[in-house]
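Undergrad:
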Amino acid sequence: MDTQKSNTGWSDEELEASVDGYLKMLQLVNLGQPLNKKSEHELLRESALSARSLASVDYRMRNISAVFEILNLKPITGYTPAKNVGSGVVSRISRMLAQRGIVEFKDNAPTFDEELLEQRAAKLQSKPIKVQPEGITAPQQVTTTSTSYVRDPVVRAWVRQQAGGICEGCGLHAPFNLDNGQPFLEVHHVKHLAQKGSDRITNAVALCPNCHQRCHRSSDRVAFTEGLYARIGRLTPE
Ligand SMILES: [Zn+2]
Ligand SMILES: [Zn+2]
Numbered sequence: 001m002d003t004q005k006s007n008t009g010w011s012d013e014e015l016e017a018s019v020d021g022y023l024k025m026l027q028l029v030n031l032g033q034p035l036n037k038k039s040e041h042e043l044l045r046e047s048a049l050s051a052r053s054l055a056s057v058d059y060r061m062r063n064i065s066a067v068f069e070i071l072n073l074k075p076i077t078g079y080t081p082a083k084n085v086g087s088g089v090v091s092r093i094s095r096m097l098a099q100r101g102i103v104e105f106k107d108n109a110p111t112f113d114e115e116l117l118e119q120r121a122a123k124l125q126s127k128p129i130k131v132q133p134e135g136i137t138a139p140q141q142v143t144t145t146s147t148s149y150v151r152d153p154v155v156r157a158w159v160r161q162q163a164g165g166i167c168e169g170c171g172l173h174a175p176f177n178l179d180n181g182q183p184f185l186e187v188h189h190v191k192h193l194a195q196k197g198s199d200r201i202t203n204a205v206a207l208c209p210n211c212h213q214r215c216h217r218s219s220d221r222v223a224f225t226e227g228l229y230a231r232i233g234r235l236t237p238e
């Protein structure tokens with residue numbers, strides 16, 4: 001197990017002890033009993049959190065408050081939600097809360113995960129929403145890691161040059177020009193990079209944003225993609 005003293009690298013044991021400590025305090029608060037944060041922190045430092053400073057324990061509790069907020073739950077008032085909590089810590093704490101039956105993931109729960117956000121919104125959108133949502137005044141920032149691919153700028157430039165400002169999907173002009181005067185077209189990989197498609201001109205097309213989204217999300221994306229292969233001579237199915 002990891003016993004680093006920094007705020008990163010907390011072991012599961014340490015994080016679980018913090019979550020349990022937090023939930024114990026929450027229960028006290030809910031029962032209307034006085035809360036002595038310092039003595040609760042000392043108690044934790046006598047066991048699982050012996051490697052951590054008081055300040056460090058307090059900060060971790062504020063991380064848990066941040067996760068409470070993200071999950072649309074009411075945090076303990078004494079712990080102001082920490083800012084910029086890493087997504088790794090957020091998911092670990094969320095998982096621990098779920099294991100303790102605390103979190104019921106609801107369709108209307110805020111999330112930093114774009115895919116999940118879209119899924120939830122699509123589901124909510126299918127029924128009339130009667131009350132105008134309040135939203136989030138100051139959305140919490142989380143740091144996420146994402147996977148990217150190294151791509152060739154020459155391929156991107158060449159494909160756009162060939163397109164000459166005309167979308168290869170619909171044949172219409174790019175919707176606007178950039179500051180540098182170049183027409184705005186997005187270069188799409190017909191077989192997606194995530195599906196092991198190549199970054200070559202035989203697999204790349206210049207599209208307007210509508211056609212680009214259509215390739216990724218439309219109900220007719222397969223047929224639309226077939227149309228690209230049929231129309232654009234340089235493309236080779238991979
Ligand atoms: Zn288009
Ligand atoms: Zn694309």
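In terms of full-length UniProt numbering, the sequence shown has 134 at position 134, counting the first letter as 1, and numbering is strictly consecutive. Think of the CB as a built atom: it goes at the ideal place given N, C-alpha and C, for glycine as much as any other residue. Computed from a predicted structure; not experimentally measured.
Where the beta carbon is closer than 5 angstroms to any heavy atom of ligand 1, which residues qualify, in chain order?
TA: My final list is C167, G169, C170, C208, C211.
Undergrad: DSSP three-state call for L28: helix, strand or coil?
TA: In this structure, L28 counts as helix in the three-state DSSP scheme.
Undergrad: Which of the three DSSP states is assigned to I232 in this structure?
TA: Residue state, collapsed to three classes: coil.
Undergrad: Using only the alpha-carbon positions, how far apart do Q141 and T80 sit?
TA: Taking the straight line joining both Cα atoms gives about 15 angstroms.
Undergrad: Measuring alpha carbon to alpha carbon, tell me which residue in T202, L207, N108, N84 is nearest R234.
TA: Residue T202 is the option with its Cα nearest to R234.
Undergrad: Could you tell me which residues DSSP pairs with A48 in its beta bridges?
TA: According to DSSP, which records beta bridges pairwise, A48 is partnered with nothing at all.
Undergrad: Is V187 helix, strand or coil when you go by DSSP?
TA: Correct three-state label for V187: strand.
Undergrad: Nearest-angstrom Cα distance between I129 and D107?
TA: The alpha-carbon atoms of I129 and D107 are separated by roughly 13 angstroms.
Undergrad: Quick one, which of I64, L71, H192, P209 has its alpha-carbon nearest Y149's?
TA: Of the candidates I64, L71, H192, P209, the one whose C-alpha sits nearest the C-alpha of Y149 is H192.
Undergrad: Do L15 and I70 have their C-beta atoms within less than 8 angstroms of each other?
TA: No, Cβ-Cβ distance for L15 and I70 is not below 8 angstroms.
Undergrad: Out of curiosity, what's the CA-to-CA distance linking G86 and T143?
TA: Going from the Cα of G86 to the Cα of T143 covers about 5 angstroms.
Undergrad: Taking the alpha carbon of D58 as the point to measure from, which residue in T77, L124, K38 has its own alpha carbon closest?
TA: Closest by alpha carbon: K38.
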